[in-house]
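Chemist:
Structure representation (structure tokens):
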């Protein structure tokens, strides 16, 4: 009987090398396929992100053009920043002074009797200084509902008489964020006759947000 032929070693080596090359090519194909998938996913994510940005820009443009024509411009709240000034105008009447006197138990005749006021060197009956200063928390609260008033310093520079128009003004000077709230400091001033300073000081308040609501400008 004849013995079966055994392939030479060189042939076996070539076959093993061929198989190794095939396996390596399969490996490269899988790696490249994975990289292509990753690239495609990244590309899709990037395109989706760009589409979202473009959509937001488009909607913002549409809203900014369309809403004002409907008279709803106050819906776009502005954000307060250092340097911003908020104002309100108020005229304190005799009834305002009387009600405040009842609450504060300040029954000084300078606020009710014109003769007593004139004898003290004033032109007319005085509005309580603290009643004038109440414009400051009113301005802040009307623009930032839920604000917590922390402190207020005051200096009274000039008298205000019943019936005079007073302009209250608060100017943000420093704002810092702490635990999702904002500590804001304000310069506070009141004027009469345009630029005649009657009260000034500084206030600190905790604001729940920096978005301002449309506060009442007159009182």
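Numbering (full-length UniProt numbering), first residue to last: 1 to 219.
Even for Gly, the Cβ is constructed at its ideal location relative to N, Cα and C.
#1: Helix, strand or coil: which one does DSSP assign to residue 108?
#2: Could you please give me the residues that DSSP links to residue 87 through a beta bridge?
#3: Whose C-alpha, out of 117, 131 and 212, is nearest the C-alpha of residue 237?
#4: Among 155, 161 and 142, which one has its Cα closest to the Cα of residue 211?
#5: Go to residue 201, then tell me how far its alpha helix (DSSP H) extends in each direction, as first and last residue.
#6: Which residue comes first and which comes last in the beta strand (DSSP E) that contains residue 183?
#7: Please list the terminal residues of the continuous alpha helix (DSSP H) segment that includes residue 134.
#8: List the residues that DSSP assigns as beta-bridge partners of residue 177.
Modeler: So, from the data block:
#1: Coil.
#2: 169
#3: Nothing can be reported for residue 237: it is not among the residues displayed for the chain, which extend from 1 to 219.
#4: 142
#5: Segment 196-207 is the beta strand (DSSP E) holding residue 201; no alpha helix (DSSP H) there.
#6: 181-192
#7: Element bounds for residue 134: n/a, residue is neither H nor E.
#8: Answer by DSSP bridge pairing, in chain order: 182.
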